[in-house]
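Asks: Start counting the sequence shown at 1; every next residue gets the next number (the UniProt record's numbering).
Here a beta-carbon is modelled for each residue, glycine too, at the ideal position from N, C-alpha and C.
I have a structure here, written as structure tokens, and I will follow up with some questions on it.
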Amino acid sequence: MSQLELEDEVQDDLKAATGGFSKETDDANRLNRILQLTGFSDPVYAEAFVTVHHYDIVLDVTVINRTKETLQNLCLELATMGDLKLVDRPQNYTLAPESSKQIRANIKVSSTETGVIFGNIVYETSNVMERSVVVLNDIHIDIMDYISPATCADVTFRNMWAEFEWENKGCR
Numbered sequence: 001m002s003q004l005e006l007e008d009e010v011q012d013d014l015k016a017a018t019g020g021f022s023k024e025t026d027d028a029n030r031l032n033r034i035l036q037l038t039g040f041s042d043p044v045y046a047e048a049f050v051t052v053h054h055y056d057i058v059l060d061v062t063v064i065n066r067t068k069e070t071l072q073n074l075c076l077e078l079a080t081m082g083d084l085k086l087v088d089r090p091q092n093y094t095l096a097p098e099s100s101k102q103i104r105a106n107i108k109v110s111s112t113e114t115g116v117i118f119g120n121i122v123y124e125t126s127n128v129m130e131r132s133v134v135v136l137n138d139i140h141i142d143i144m145d146y147i148s149p150a151t152c153a154d155v156t157f158r159n160m161w162a163e164f165e166w167e168n169k170g171c172r
């Protein structure tokens, strides 16, 4: 289990212990974060489960080979627009006929601006000399959708507010 998943579980346990959410609403929220990236009729079907945690976005992409052929050098190629940055380089995989593969992509967020993740799935088959490409649907990431309210004592808030440089420029 990664550090990110462990932190998410701790947060979920804390919310459950304090009555922060019910299991039904949590499951519904999880389903809302699954995005279809390709069509059902495409030779490669893909969907992504999006998890946002502080300044990290994790895409758990499920890729399914819907053909009767082995797909070689299958690669999930992602790119970003906005203040998003891919952390990992894409890897090549071999996918047996009608099998699936989980691919994880990590993305760093550097601002609250809306970002877009787009890309392709590229692969080769034994009977075709050229690489085949399946274009993915765009994923629009609005970080504001993932920000949750927090509480803070008045004194603590005033101390944090005083630390902002832009707030103190007029006082000097």
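#1: Out of Thr125, Leu74, Leu35, Thr114, which has the shortest C-alpha to C-alpha gap to Ser100?
#2: Report the three-state DSSP secondary structure of Leu6 (helix, strand or coil).
#3: Exposed or buried, which one is Leu37 when buried takes at least 16 other CB atoms within 10 Å?
#4: Mapping DSSP to helix, strand and coil, what is Arg131?
#5: Nearest-angstrom Cα distance between Thr67 and Glu130?
#6: In three-state terms, what does DSSP make of Phe118?
#7: For the alpha helix (DSSP H) containing Thr80, list its first residue and its last residue.
#8: Starting from Ser87, follow its DSSP beta bridges and name the residues at the other end.
#9: Using only CA atoms, which one of Phe157, Cys152, Leu71, Ile34 lies nearest to residue 183?
#10: Buried or exposed: which applies to Val133, given that a residue is buried once 16 or more other Cβ atoms fall within 10 Å of its Cβ?
#11: Should Val122 and Glu69 be called a contact, given that it needs their Cβ atoms to be closer than 8 Å?
#12: Taking the alpha-carbon of Val116 as reference, which of Ala46, Leu59, Asp42, Val44 has the nearest alpha-carbon?
#13: Below 8 Å between beta carbons: does that hold for Asn120 and Leu136?
#14: Consult DSSP for Arg104 and reduce its assignment to one of helix, strand or coil.
#15: Looking at C-alpha atoms only, which residue of Leu86, Asn65, Val44, Gln91 is the closest neighbour of Pro56?
#16: Is Asp138 helix, strand or coil when you go by DSSP?
#17: Could you check where the alpha helix (DSSP H) with Ala48 kicks off and where it finishes?
Replies: Short version:
#1: For the purposes of this step, residue 100 is identified with residue 100 of the sequence shown, where counting begins at 1. For the residues Thr125, Leu74, Leu35, Thr114, the minimum Cα distance to Ser100 belongs to Leu74.
#2: Here residue 6 is taken as the residue at index 6 of the sequence shown, counted from 1. Note: Leu6 maps to helix in three-state DSSP.
#3: Here residue 37 is taken as the residue at index 37 of the sequence shown, counted from 1. With at least 16 other beta carbons inside 10 angstroms of its own, Leu37 counts as buried.
#4: Taking the first residue of the sequence shown as position 1, residue 131 is located at position 131. If DSSP states are grouped into helix, strand and coil, Arg131 belongs with the strands.
#5: On the sequence shown, position 67 is the one that residue 67 refers to. On the sequence shown, position 130 is the one that residue 130 refers to. Rounded to whole angstroms, Thr67 to Glu130 spans 17 Å at the Cα level.
#6: Here residue 118 refers to the residue found at position 118 when the sequence shown is read from its first residue. Strand.
#7: Residue 80 sits at position 80 when you count from the first residue of the sequence shown. Note, Thr80: premise wrong, no alpha helix (DSSP H); beta strand (DSSP E) at 71-81.
#8: Taking the sequence shown and counting its residues from 1, one reaches residue 87 at position 87. Before going on, a small fix: residue 87 reads as Val here, not Ser. In the DSSP assignment, no residue is bridged to Val87.
#9: Residue numbering for the chain in the displayed model covers 1 to 172; residue 183 lies beyond these limits and cannot be assessed.
#10: Translated into positions along the sequence shown, residue 133 becomes position 133. That one is exposed.
#11: On the sequence shown, position 122 is the one that residue 122 refers to. On the sequence shown, position 69 is the one that residue 69 refers to. It is not a contact, given that the beta carbons lie outside the stated cut-off.
#12: Here residue 116 corresponds to residue number 116 of the sequence shown, with the count starting at 1. Out of Ala46, Leu59, Asp42, Val44, Leu59 has the C-alpha closest to the C-alpha of Val116.
#13: By one-based count along the sequence shown, residue 120 stands at place 120. By one-based count along the sequence shown, residue 136 stands at place 136. Contact flag set, yes.
#14: Within the sequence shown, residue 104 is the residue found at index 104, counting from 1. It is a strand residue.
#15: Here residue 56 is taken as the residue at index 56 of the sequence shown, counted from 1. Note that residue 56 is Asp in the sequence shown here, rather than Pro. Of the listed residues, the one whose Cα sits closest to Asp56 is Leu86.
#16: If you number the sequence shown from 1, residue 138 lands on position 138. Three-state result, Asp138: coil.
#17: Reading the sequence shown from its first residue, position 48 is the one you call residue 48. No alpha helix (DSSP H) contains Ala48, which is instead part of the beta strand (DSSP E) from 44-53.
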